[in-house]
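Notes follow once the structure below has been shown.
Residue numbers (this note's numbering), protein chains in the order written: chain F, 9 to 312; chain X, 578 to 1003.
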């Protein structure tokens, strides 16, 4: 409102700048056009298609048949999906907490400029350059009981007496996967937190120190509160990424053992490409999308 | 300056859009050429890694001797079904594609293959094509596929290990119980340092279980499903008896330690290394074994005897979206012709797609090949429309059932068997 008044006021004062104003508006549209086209083609159009698919029985070849709301009502009858929801929530909670803790620890370690710090920052960040599927295969090979090097190493230094079933039991499979995710993402999240840490003015720390605050007090009263926006960003990225987990489980555990590590997206994938139920898979995707949008809106409001 | 920038970006967008439209137009045309191909045509073909060797040999020989050419793409076995589904959804199937024979009924019911009934019935040897493959490729009396490769499950035993373990290296197992005894003997005599194991199986791989365990059920006269493929009979004594023997082998640590976790990609990799005494193996791997390795081959038997096999392998068909049907058929019909069958398949110890050529000049050189060829008539290929999602899919109900039966809690089996039936009826 204020903006409009100012603009119209300015317009009145300058006589007849409406042509100029119009050209600026067109220019604005033009600037936005490339992004708008990309978003439209790569996001909005597929989104509309997925919603339309979810309302139809959609065969691999041939004409779809409208069957709403069957694809949605049958979701509750899919025990694999219900289990996957619970598992994905558990995985998200564990990953987010552990990943944040490790990333924050690393960020605090490499926060100050001192000789050789660049090496450590690079080393911590480097796993982030490995593709996620490749990382899954790497861990599969490293932890393999037949040819992986980790088991013989652990046995050689006397930590274990026989090969560990890294992905052989539900808990170990989850633990191994979370280790993989932390290895892959801790450095990236460290980088995000590092930018936040370096944005905190040194004067605040100096003032706190001259007031007699100890290290713990400085951390809890200064660092954490001022890091809040950065932490919020990391949290949203981590929660969203974890809820959409696919590659790590698909490549590393294949959902096993005994369906104990099946994530929600894996069920979508299975319905679409193993059961050829494209309509059902689309319905699951829509439900997942709505839940994610809701959750992110909630988190952004709470964490702002 | 700003205006110029805006102008440039608009131009960029327009150019991109035009390029995108142009591409889709060209893409549509380039796949085409109509059914009346002028001049040599290159057709595209997909196959899965499990039967890669056979497909590659056929394609190589065909390309050497024909004007039309085949461009083969090999896709990892585990990803094959999703890739076919994605390609079908996008109408980008190759001109011809091979598929695991047990998935064929589902593919034909989805309309992925072109009806080739008239072309097949015109073949002089139409009645001699592998019957199980033809049966699964027929829907409502119309034919859609030809047999491409035959892959039978048999028991391989390592004669050197047998000798070292004090067993007769020329006598393989004649029943599943004998199999267990011989595997146990190898384990007890040679397994102390953990490098040699009595036997091995893919314990976290649904397809491996059906391929290697079910023949023992058939050999004992049992069935695993009803004829329509809509009801699971895996809770019947014929199957539970087989599970029991394997369970004991695992509990006595006669199987390799990683059998429980084996997801499938590497289950055949241990035998050629000389680490396993006796185990079920795909017949297609016989030609790939190390030359110096002495291997015995026996039919899979039931707990007390009998003989059977899982007649697996691939069927091949022309995709319903192809524009090169004639060129595709020229290749397909050549693969089941005399030259390809004898000079490519039989020469490399492979099982033939035609029963009338079983006694050819190559197969008689190796009695093991004769044995494998003879099993085609005794074995079975189970039929079910929902086979893949029930038995092969790692998240399907069968894998959970088999794992509970071999490693877990037998009290859950009743309910899990009902889930298999439910999945078959979806």
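The beta-carbon is built from N, C-alpha and C at its ideal position, and this holds for glycine as well.
{"Asked": "Simplified DSSP assignment, three categories, for residue 954 of chain X", "Found": "coil"}
{"Asked": "CB contact below 8 Å: residue 69 of chain F versus chain X", "Found": "yes"}
{"Asked": "Among F:308, F:134 and F:312, the one whose alpha carbon lies nearest that of residue 198 of chain F", "Found": "F:134"}
{"Asked": "Per-residue contacts from residue 259 of chain F into chain X (C-beta, under 9 Å)", "Found": "Result: empty, since nearest Cβ-Cβ is about 10 Å, beyond 9 Å."}
{"Asked": "Chain F contacts from the stretch 678-712 of chain X (Cβ-Cβ distance under 8 Å)", "Found": "683, 687, 688 and 689"}
{"Asked": "Residue 885 of chain X in three-state terms, based on DSSP", "Found": "strand"}
{"Asked": "Contact belief for residue 254 of chain F with residue 185 of chain F at Cβ below 8 Å, rounded distance in angstroms", "Found": "Not really, about 12 Å apart at Cβ, beyond 8 Å."}
{"Asked": "Proximity of residue 890 of chain X and residue 841 of chain X at Cβ, strictly below 8 Å", "Found": "no"}
{"Asked": "Cross-chain neighbours of residue 965 of chain X in chain F, by beta carbon under 8 Å", "Found": "282"}
{"Asked": "Sequence-distant residues of the same chain with beta carbon closer than 7 Å to residue 983 of chain X, five excluded per side", "Found": "780, 820, 823, 824 and 827"}
{"Asked": "8 Å Cβ cutoff met for residue 665 of chain X and residue 286 of chain F", "Found": "no"}
{"Asked": "Residue 643 of chain X - DSSP class collapsed to helix/strand/coil", "Found": "coil"}
{"Asked": "Residues, ordered as in the chain, of the stretch 75-88 of chain F that lie near chain X by beta-carbon distance below 9 Å", "Found": "87 and 88"}
{"Asked": "Backbone secondary structure at residue 648 of chain X - three-state DSSP", "Found": "strand"}
{"Asked": "Rounded distance between the beta-carbons of residue 766 of chain X and residue 863 of chain X, thought under 8 Å", "Found": "With 8 Å as the limit, residue 863 of chain X and residue 766 of chain X do not qualify as a contact, their Cβ atoms being about 26 Å apart."}
{"Asked": "Distance between residue 938 of chain X and residue 789 of chain X (C-alpha atoms, nearest Å)", "Found": "30 Å"}
{"Asked": "Closest residue to residue 778 of chain X among X:814, X:731 and X:749 (Cα-Cα distance)", "Found": "X:731"}
{"Asked": "The stretch 674-693 of chain X contacting the stretch 712-725 of chain X, beta-carbon criterion three pairs below 8 Å", "Found": "yes"}
{"Asked": "Min CB distance residue 897 of chain X to chain F below 8 Å", "Found": "yes"}
{"Asked": "Within-8 Å CB hit, residue 602 of chain X to chain F", "Found": "Residue placement at residue 602 of chain X cannot be trusted, given a pLDDT of 34 that sits under 50; the coordinates are not used to answer."}
{"Asked": "Where the stretch 953-978 of chain X meets chain F: residues whose CB sits under 7 Å from a CB there", "Found": "965, 966, 970, 971, 972 and 977"}
{"Asked": "Secondary structure of residue 304 of chain F, DSSP reduced to three states", "Found": "helix"}
{"Asked": "Interface partners of residue 286 of chain F on chain X, CB under 8 Å", "Found": "666"}
{"Asked": "Per-residue burial, residue 9 of chain F [other beta carbons within 10 Å of its own, 16 or more giving buried]", "Found": "Note that residue 9 of chain F scores a pLDDT of 40, beneath 50, so its modelled location is shaky and nothing firm can be said."}
{"Asked": "C-alpha distance - residue 599 of chain X paired with residue 58 of chain F, whole-angstrom precision", "Found": "Because residue 599 of chain X carries a pLDDT of 36, less than 50, the predicted location of this residue cannot be relied on, and no value is offered for it."}
{"Asked": "Selection from F:252, F:312, F:239 and F:281 that minimises the alpha carbon distance to residue 272 of chain F", "Found": "F:252"}
{"Asked": "Candidates X:795, X:791 and X:773, of which the one nearest residue 834 of chain X by Cα", "Found": "X:773"}
{"Asked": "Test item: CB-CB of residue 928 of chain X and residue 885 of chain X under 8 Å", "Found": "no"}
{"Asked": "Buried versus exposed call for residue 1077 of chain X [16 or more other C-beta atoms within 10 Å across all chains shown]", "Found": "Since the first residue of chain X shown is 578 and the last is 1003, residue 1077 of chain X is not available in this structure."}
{"Asked": "Residue ranges of each beta strand (DSSP E) within the stretch 858-945 of chain X, 3 or longer", "Found": "872-879, 882-885 and 888-895"}
{"Asked": "Min CB distance residue 611 of chain X to chain F below 8 Å", "Found": "Any answer about residue 611 of chain X is weak, because its pLDDT of 41 lies below 50 and its placement is not dependable; what the coordinates show is given next. No, its Cβ sits nowhere closer than 8 Å to a Cβ of chain F."}
{"Asked": "Residue 658 of chain X: contacting residues in chain F (beta-carbon distance under 7 Å)", "Found": "281 and 282"}
{"Asked": "Uninterrupted beta strand (DSSP E) stretches inside the stretch 655-693 of chain X (no shorter than 3 residues)", "Found": "673-677"}
{"Asked": "Nearest candidate by alpha-carbon position, reference residue 965 of chain X, set F:281, F:118 and F:223", "Found": "F:281"}
{"Asked": "Chain B within 8 Å of residue 625 of chain X, Cβ atoms only", "Found": "The structure shown has no chain B; the protein chains it does contain are F and X."}
{"Asked": "Residue range of the unbroken alpha helix (DSSP H) whose run includes residue 728 of chain X", "Found": "No alpha helix (DSSP H) contains residue 728 of chain X, which is instead part of the beta strand (DSSP E) from 723-735."}
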